[in-house]
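**Q** Sharing a structure below in structure tokens format, with a few things to ask.
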Amino acid sequence: MGGSKRNRRQFTVETLEPRRLLVVFAGREFPNGTDSDFEAVGRINGSDGNYGSGTLIAPNWLVTAAHVIDVPNATYTVRFAGQSKSYNVVERRVLEGWLTNNDTQYDIGLIRLSESVSGITPLKLTNQQIKPGDILPVLGWGKSEYGASHINQPQGGGILRNGTIQIDAVTPQTNTMVSVFKQKPSPRAYQESATAPGDSGGALLTRRDISAGGGPGYRIAGIVSSGEEPVIFNKKQYFSIINSNTKGFVDLRGGGSLRLSQIPELRGFISEVLDSTPPELRVPAQIMAVQNLPFGSRVEVPFELLDNIDPSPAIEFSPSLNSVFPVGETVVNVAARDSSGNVTTAQVRINVSPNPEVTGFSLPQQIPAGRPQRKNAVGDVNGDGYPDIVTAAFEGISLLLNQTNREFSLPIPVSTVNTYDVHLVDLNNDGKLDILSRVFPDSFQCSAYLGYGTGGFTLGSTCTLGEIFSVGEAT
3 MGGSKRNRRQ FTVETLEPRR LLVVFAGREF PNGTDSDFEA VGRINGSDGN YGSGTLIAPN
63 WLVTAAHVID VPNATYTVRF AGQSKSYNVV ERRVLEGWLT NNDTQYDIGL IRLSESVSGI
123 TPLKLTNQQI KPGDILPVLG WGKSEYGASH INQPQGGGIL RNGTIQIDAV TPQTNTMVSV
183 FKQKPSPRAY QESATAPGDS GGALLTRRDI SAGGGPGYRI AGIVSSGEEP VIFNKKQYFS
243 IINSNTKGFV DLRGGGSLRL SQIPELRGFI SEVLDSTPPE LRVPAQIMAV QNLPFGSRVE
303 VPFELLDNID PSPAIEFSPS LNSVFPVGET VVNVAARDSS GNVTTAQVRI NVSPNPEVTG
363 FSLPQQIPAG RPQRKNAVGD VNGDGYPDIV TAAFEGISLL LNQTNREFSL PIPVSTVNTY
423 DVHLVDLNND GKLDILSRVF PDSFQCSAYL GYGTGGFTLG STCTLGEIFS VGEAT
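Taking the numbering used here, the leading residue of the sequence shown gets 3, the next gets one more, and so forth.
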């Protein structure tokens, strides 16, 4: 932890947890993690020898105090009461404001574990407004001291402890709650506690609203942040607010996944860090449709889209749902993206069956034919019953053979002579189409290519003519 004022420029490892004691006059210890509501509070151990507390808010995320995890080159592990396993911390983030202004309102951080924690249910955020006078439990792994003798527990914070405090002030403008530890003996009906080294990042809790269907148990209301000396009696202790309906964290869907709002400096921090879950996307695997347009059918694709953070994730279809799907099968790729960049993909197969009662023409289809053509001619040059295409261009004459189903071959070169015009006609009366072309720029010179009837041609002759008006049988 730290004092109420910490100077970032003078920050050292030693000041991460100042000399503060947990005075528990009526607290409970949970060495075996037997209380299911409190077992989500884990101990964060730093390689620099310091430690603190943190609360599980998702299967592999803990919220804690920023000053617990901000030692630049330190590594961290987490363990929970009743478990011998330690979890490695693979990612840690603190609020941006903490790096330049280490006041309590910025003393919030997150850590991501290398794997999800099993057997422990993450705690959610409170939906209650905390007020001065509220009496709340506070948990942490800090050192302890009992009674007037103030004798330290050996080794300090090896046990998870629960104490009770009264909130004396709430300051939403600075995202802070304050509790003043009163001198013993307390006139109150309960024994009051104070936080100590190792409690930083621990949880300030409130009971769930059972009438709202939340069930018994607790929700998180704040994070143990800092305190003032002297530690014995009349001591102020500070808590960062993390609450679903005041400035700070917001649990949009009540699922324990968080983002910050209302405070401009904090906006987007949690959604960037915590939201690693992609949207849930449901689409049918296949859709059957019947042709209802001359060129295919328009098809509606039903979908269901949910996200634990983003209320309106984006969804894209390729091809677009505004497309007309041709007869046959089309694979539609679907992608859903939330505001944190998480993506879920799926595919839908749309099968459109032909409808003989629908007449008309299809939409235009692009056929790759090389460079721009000057002229084209259409005819069956290989005798398969399907019309083929002959093109005239700067590069010469090319042939595109019809491969049925509206597909054509890549351009097959017939001539490399710069060609202006091209026609298909049976020049030698053998029942096979030949090519008659005009050479460019000398447009009065023509060339004849005799067809074999298989798609192949040979140069027959060249000639010089007057202007050609048409090609065909003269009468």
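No residue lacks a Cβ here, since even glycine has one placed at the ideal position from N, Cα and C.
Pick helix, strand or coil for Tyr108, following the three-state DSSP scheme.
**A** Helix at Tyr108.
**Q** Within 10 angstroms of the Cβ of Arg45, are there 16 or more other Cβ atoms? Answer buried if so, exposed if not.
**A** Answer is buried; the Cβ neighbour count reaches 16.
**Q** By how many angstroms is the C-alpha of Ile113 removed from the C-alpha of Leu308?
**A** Roughly 25 Å separates the two Cα atoms.
**Q** Take every Cβ of the stretch 327 to 339, pair it with every Cβ of the stretch 385 to 405, and state whether three or more of those distances are shorter than 8 Å.
**A** Too few Cβ pairs lie closer than 8 Å, so no.
**Q** Just the C-alpha distance for Thr14 and Gly144, rounded to the nearest angstrom, thanks.
**A** Confidence at Thr14 is low in this model, with a pLDDT of 23, below 50, so its placement is unreliable and the value that follows should be read with caution. So the alpha carbons of these two residues sit roughly 20 Å apart.
**Q** Tell me the DSSP bridge mates of Asp382?
**A** Asp382 is not bridged to any residue.
**Q** Expressed to the nearest angstrom, what Euclidean distance is found between the alpha-carbon atoms of Val301 and Glu318?
**A** Taking the straight line from one Cα to the other gives about 15 Å.
**Q** For Val80, count neighbouring C-beta atoms within 10 Å of its own C-beta (all shown protein chains included) and say buried if the count is 16 or more, exposed if not.
**A** Looking at its Cβ environment, which holds 16 or more other Cβ atoms inside 10 Å, Val80 is buried.
**Q** Nearest by alpha-carbon distance to Gln168: which of Asp201, Gly203 and Leu207 is it?
**A** The residue with the shortest Cα to Cα distance from Gln168 is Leu207.
**Q** Pop quiz: Gln367 and Arg408 are said to be a contact at Cβ under 8 Å. What is the actual Cβ separation, rounded to whole angstroms?
**A** Yes, they are in contact, since the Cβ atoms of Gln367 and Arg408 sit about 6 Å apart, within 8 Å.
**Q** Per DSSP, what kind of secondary structure is Ala60 in: helix, strand or coil?
**A** Strand at Ala60.
**Q** By the DSSP assignment, the beta strand (DSSP E) with Arg351 in it spans what residues?
**A** Segment Val345 to Ser355, the beta strand (DSSP E) holding Arg351.
**Q** In terms of alpha-carbon separation, which member of Ser463, Val43, Asp432 and Arg376 lies closest to Asn420?
**A** If we check each option's Cα against that of Asn420, Arg376 comes out closest.
**Q** Which of the three DSSP states, helix, strand or coil, is assigned to Pro68?
**A** Checking the displayed sequence, the identity of residue 68 turns out to be Ala instead of Pro. If DSSP states are grouped into helix, strand and coil, Ala68 belongs with the helices.
**Q** Measure the beta-carbon distance from Pro281 to Asn344 and round it to whole angstroms, keeping in mind my assumption that it falls under 8 Å.
**A** Rounded, the Cβ-Cβ distance is 7 Å, consistent with contact.
**Q** So is Asn90 buried or exposed if we call it buried at 16+ other beta carbons inside 10 Å?
**A** Asn90 is exposed by the Cβ-count criterion.
**Q** If you run the structure through DSSP and keep just helix, strand and coil, what is Leu438?
**A** Note: Leu438 maps to strand in three-state DSSP.
**Q** In three-state terms, what does DSSP make of Gly2?
**A** Past the edges of the chain, shown from 3 to 477, lies residue 2, and the structure says nothing about it.
**Q** Is the Cβ-Cβ distance between Val96 and Gly111 less than 8 Å?
**A** Yes, they are a contact pair.
**Q** For a quick check, are the C-beta atoms of Ala205 and Thr346 less than 8 Å apart?
**A** Not in contact: Ala205 and Thr346 (Cβ atoms no closer than 8 Å).
**Q** What three-state label does DSSP hand Val336 in the structure shown?
**A** Strand, per DSSP.
**Q** My output table needs one value for Asp170: the three-state DSSP class, helix, strand or coil.
**A** Coil at Asp170, not helix or strand.
**Q** Return the residue from the list Pro413, Ala450 and Ile414 that minimises the CA-CA distance to Asn430.
**A** That would be Ala450, whose Cα lies nearest to the Cα of Asn430.
**Q** State buried or exposed for Thr197, treating a residue as buried only when at least 16 other CB atoms are found within 10 Å of its CB.
**A** Legend: pLDDT at Thr197 = 49, less than 50; position of this residue unreliable, value from coordinates given subsequently. The residue is buried, with at least 16 neighbouring Cβ atoms inside 10 Å.
**Q** Taking its Cβ as the centre, do 16 or more other Cβ atoms sit within 10 Å of Arg373, making it buried, or is it exposed?
**A** It counts as exposed.
**Q** Could you work out which residue in Ile391, Asp432, Thr361 and Gly219 is closest to Val416 when comparing CA atoms only?
**A** Checked all of Ile391, Asp432, Thr361 and Gly219; the closest Cα to Val416 is Ile391.
**Q** What separation, rounded to the nearest whole angstrom, lies between the Cα atoms of Gln447 and Ser463?
**A** Distance between the alpha carbons of Gln447 and Ser463 is about 11 Å.
**Q** What are the boundary residues of the beta strand (DSSP E) that Asn47 is part of?
**A** Start and end: Val43 to Gly48.
**Q** Considering just the uninterrupted stretch of the beta strand (DSSP E) at Gln85, what are its terminal residues?
**A** Neither: Gln85 is in no beta strand (DSSP E) and is coded neither H nor E.
**Q** Do you know whose CA, among Val172, Thr456, Tyr422 and Gly433, lies nearest Arg440's CA?
**A** Nearest of Val172, Thr456, Tyr422 and Gly433 to Arg440, Cα basis: Tyr422.
**Q** Check for me: the beta strand (DSSP E) holding Tyr388 runs from which residue to which?
**A** No beta strand (DSSP E) holds Tyr388; DSSP gives it neither H nor E.
**Q** With DSSP as the reference, label Phe446 as helix, strand or coil.
**A** Coil.
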